[in-house]
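Visitor: Structure provided below as structure tokens; questions to follow.
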Amino acid sequence: MSLNDGLALIRRHLFQEALPLLAAEVRRKPDDPYAAYYLAFAFVGAKDPAPAVTLLSKVVEAHPEFIDAHNLLGLARIRTSDFAGATGEYQAVLNRQPNNPPALLGLGMIHYWRRETALADDLLDRALRADPAARDALVFKADLRFADGQITAAVDLMREARRLKAPSLPEVSELEIADRLMRYEAALQPLKRARSGLPFLPGWVMVVIGITLALTLLAGAGLPGAWFGLAHYQEGKHRLQAMDYSGCAGEMVQAVADAPSSPKAWAYEAYCYMLDQDLKAGLGAWSTALDLDPHITLDTRTEQLALLAKIVIAKRPPAVKAR
């Protein structure tokens with residue numbers, strides 16, 4: 232009964248409790264791909280994707296037609312920041328099933344993080360056409376609309392996402408959806424007031440209002456408020472995606488010099504320093520980010536978990552060797 236009991240726990244999102252039962256099933260049936268798949272599923276749900284990658288790599292090697300295993304391996308690789316490996320898994324699925332929703336969503340998320348917005352938008356659209364209940368696809372589309380200044384569309388998409396049932400392994404939690412929706416709705420209020428309460432204004436006045444509103448939206452989104460700081464921040468994010476961690480840290484240093492009150496820029500400076508193995512500088516930047524906003528987080532859960540793990544390691548006292 233280990234497998235059935237483990238699956239019952241997975242359905243209740245009790246992933247940690249399911250692990251020992253499913254591990255026992257894998258030991259009992261080491262060649263059963265489904266036992267290994269569900270154990271890997273529980274590992275991903277328990278936020279421990281590395282063992283899942285090992286398990287699923289063996290499963291798809293022995294059973295290349297196991298589509299769900301490829302998709303889960305793609306997600307596990309995303310959560311270990313192996314975007315290239317994840318892309319390969321999702322592409323293998325799409326070669327067999329061109330309209331597979333999880334594979335389209337996974338690739339859409341990867342291109343979103345790489346700032347390849349047109350390709351991300353197309354893949355997310357295809358995922359939603361294949362599965363209108365793909366909540367994460369709606370969330371990422373809403374983020375793209377918000378970044379493009381389409382605030383009303385972003386709010387509508389995020390409201391629709393909030394109404395949908397959460398997937399078994401969500402990339403964006405309900406709490407994160409509620410937080411983003413609140414920020415998007417707050418950004419929408421100046422637009423509503425401008426449409427309903429302002430008389431006709433000369434062009435130069437509208438330009439001033441537009442610039443002011445843009446700065447307000449940037450601040451509300453948690454991005455650096457100064458234009459030069461924003462340019463350095465965006466370049467830093469590009470370098471981060473390219474795995475140029477030293478270059479990312481350098482850009483974020485310039486971003487916080489231009490916008491010293493931006494907790495997001497300080498947080499990414501900390502993250503890039505940590506990835507570049509400069510733990511002391513990373514801890515200092517993270518401390519400043521928390522001083523500015525105790526609830527500051529990075530833009531994706533994958534990045535946030537990686538940062539927190541590195542902070543724990545950086546704060547760990549050095550081992551004392553016995554004489």
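Mapped onto this note's numbering, the consecutive letters of the sequence shown carry residue numbers 232 to 554. Think of the CB as a built atom: it goes at the ideal place given N, C-alpha and C, for glycine as much as any other residue.
1) Measure the C-alpha to C-alpha separation of Asp262 and Ile241 and round it to an integer number of angstroms.
2) So what does DSSP say about Arg346, is it helix, strand or coil?
3) For Arg393, tell me which candidate among Ala418, Gln381, Met413 and Phe314 has the shortest Cα-Cα distance.
4) Closer than 8 Å is the cut-off here; do at least three beta carbon pairs connect the segment 269–277 with the segment 494–501?
5) Would you tell me roughly how many angstroms separate the C-alpha atoms of Ala351 and Lys289, rounded to the nearest one?
6) Would you please state the rounded distance, in angstroms, between the beta carbons of Asn331 and Val324? I believe it to be under 8 Å.
7) Go through its chain and collect everything with a Cβ distance to Leu400's Cβ below 7 Å, but skip five positions before and after it.
8) DSSP on Leu245, reduced to helix/strand/coil?
9) Could you check how far apart the C-beta atoms of Leu335 and Arg357 are, in whole angstroms? I think they sit under 8 Å.
10) Rounding to the nearest angstrom, what Cα-Cα distance links Leu539 and Cys503 in this structure?
11) So for Ala254, helix, strand or coil by DSSP?
12) If contacts are defined as beta-carbon pairs under 8 Å, then Val284 and Thr311 qualify, I think. What distance do you get, rounded to the angstrom?
13) So what does DSSP say about Ile341, is it helix, strand or coil?
14) For Lys289, report the span of its alpha helix (DSSP H) as first-last.
15) My output table needs one value for Asp379: the three-state DSSP class, helix, strand or coil.
16) Can you name the start and end residues of the alpha helix (DSSP H) that Ala537 belongs to?
17) Nearest CA to the CA of Arg327: which residue from His301, Pro525 and Leu406?
18) I'd like to know whether the C-beta atoms of Ala408 and Val370 end up nearer to each other than 8 Å.
19) Under three-state DSSP, which class holds Leu529?
20) Could you work out which residue in Gly339, Ala349, Thr531 and Arg345 is closest to Ala365 when comparing CA atoms only?
21) I'd like to know whether the C-beta atoms of Leu304 and Tyr269 end up nearer to each other than 8 Å.
22) DSSP state of Val487, grouped into three classes?
23) Look at the alpha carbon of Lys495 and the alpha carbon of Gln535, and state the distance between them as a whole number of angstroms.
24) How many angstroms separate the CA atom of Leu461 from the CA atom of Tyr476?
25) At what residues does the alpha helix (DSSP H) containing Ser518 begin and finish?
26) Going by the beta-carbon positions, is the gap between Ala486 and Gly467 smaller than 8 Å?
27) Starting from the C-beta of Leu429, find all residues in its chain whose C-beta is less than 6 Å away, skip the five residues before and the five after it, and write them out in chain order.
28) In chain order, what residues of the same chain lie with their CB nearer than 7 Å to the CB of Gly451, ignoring the 5 residues before and after it?
29) Can you tell me whether DSSP reads Phe272 as helix, strand or coil?
Guide: The answer reads as follows:
1) The sequence position of residue 262 within the sequence shown is 31, counting from 1. The sequence position of residue 241 within the sequence shown is 10, counting from 1. Their backbone Cα atoms lie some 21 Å apart in a straight line.
2) Looking up residue 346 in the sequence shown gives position 115. Reduced to three states, the DSSP call for Arg346 is coil.
3) The sequence position of residue 393 within the sequence shown is 162, counting from 1. Nearest of Ala418, Gln381, Met413 and Phe314 to Arg393, Cα basis: Met413.
4) no
5) Position 120 of the sequence shown, counted from the start, is the residue given in the question as residue 351. Position 58 of the sequence shown, counted from the start, is the residue given in the question as residue 289. Computed Cα separation, rounded: 29 Å.
6) Reading the sequence shown from its first residue, position 100 is the one you call residue 331. Reading the sequence shown from its first residue, position 93 is the one you call residue 324. That belief holds up - the Cβ atoms of Asn331 and Val324 are roughly 5 Å apart, short of 8 Å.
7) For the purposes of this step, residue 400 is taken as the residue at position 169 of the sequence shown. If we look at Leu400 and ignore the five residues flanking it on each side, its Cβ neighbours are Val275, Gly276 and Leu306.
8) By 1-based counting over the sequence shown, the position of residue 245 is 14. Three-state DSSP puts Leu245 in coil, outside helix and strand.
9) As a position in the sequence shown, residue 335 is number 104, starting the count at 1. As a position in the sequence shown, residue 357 is number 126, starting the count at 1. Rounded, the Cβ-Cβ distance is 5 Å, consistent with contact.
10) One-based indexing of the sequence shown puts residue 539 at position 308. One-based indexing of the sequence shown puts residue 503 at position 272. Taking the straight line from one Cα to the other gives about 13 Å.
11) Residue mapping note: residue 254 aligns to position 23 of the sequence shown, counting from 1. Residue state, collapsed to three classes: helix.
12) Here residue 284 refers to the residue found at position 53 when the sequence shown is read from its first residue. Here residue 311 refers to the residue found at position 80 when the sequence shown is read from its first residue. At roughly 6 Å, the Cβ-Cβ gap stays under 8 Å, so Val284 and Thr311 are in contact.
13) Reading the sequence shown from its first residue, position 110 is the one you call residue 341. Ile341: helix per DSSP, three-state reduction.
14) As a first step, residue 289 must be located in the sequence shown, where it is residue number 58. Per DSSP, Lys289 belongs to the alpha helix (DSSP H) from Pro280 to Ala293.
15) Within the sequence shown, numbered from 1, the residue matching residue 379 stands at position 148. Reduced to three states, the DSSP call for Asp379 is coil.
16) Against the sequence shown, residue 537 aligns to sequence position 306. From DSSP, the alpha helix (DSSP H) with Ala537 extends over Arg532 to Lys546.
17) Residue 327 sits at position 96 when you count from the first residue of the sequence shown. For Arg327, the nearest C-alpha among the options comes from His301.
18) Here residue 408 is taken as the residue at index 177 of the sequence shown, counted from 1. Here residue 370 is taken as the residue at index 139 of the sequence shown, counted from 1. Reading off the sequence, residue 408 comes out as Ile, not Ala. Yes, Cβ-Cβ distance for Ile408 and Val370 is below 8 Å.
19) Start at 1 with the first residue of the sequence shown, and residue 529 comes out as number 298. Leu529 falls in the coil class under three-state DSSP.
20) Within the sequence shown, the letter at position 134 stands for residue 365. Closest option to Ala365, Cα to Cα, is Gly339.
21) Here residue 304 is taken as the residue at index 73 of the sequence shown, counted from 1. Here residue 269 is taken as the residue at index 38 of the sequence shown, counted from 1. Contact: no.
22) The residue you call residue 487 lines up with position 256 of the sequence shown. It is helical.
23) Taking the sequence shown and counting its residues from 1, the one referred to as residue 495 is at position 264. Taking the sequence shown and counting its residues from 1, the one referred to as residue 535 is at position 304. Answer to the nearest angstrom: the Cα atoms are 12 Å apart.
24) Here residue 461 refers to the residue found at position 230 when the sequence shown is read from its first residue. Here residue 476 refers to the residue found at position 245 when the sequence shown is read from its first residue. Taking the straight line joining both Cα atoms gives about 18 Å.
25) For this step, residue 518 is matched to residue 287 along the sequence shown. Taken as a continuous stretch (DSSP letters only), the alpha helix (DSSP H) holding Ser518 covers Leu510 to Leu523.
26) Along the sequence shown, one-based indexing puts residue 486 at 255. Along the sequence shown, one-based indexing puts residue 467 at 236. Yes, Cβ-Cβ distance for Ala486 and Gly467 is below 8 Å.
27) Taking the sequence shown and counting its residues from 1, the one referred to as residue 429 is at position 198. Reliability of the predicted coordinates at Leu429 is poor, the pLDDT of 48 falling under 50, and the value obtained from them is presented with this limitation in mind. Nothing listed; no residue qualifies.
28) Locating residue 451 in the sequence shown gives position 220, where the first residue counts as 1. Because Gly451 carries a pLDDT of 45, less than 50, the predicted location of this residue cannot be relied on, and the following value inherits that uncertainty. Result list for Gly451: Arg414, Ala417 and Ala418, in chain order.
29) Here the question's residue 272 lines up with position 41 in the sequence shown. Here Phe272 sits in helix by DSSP.
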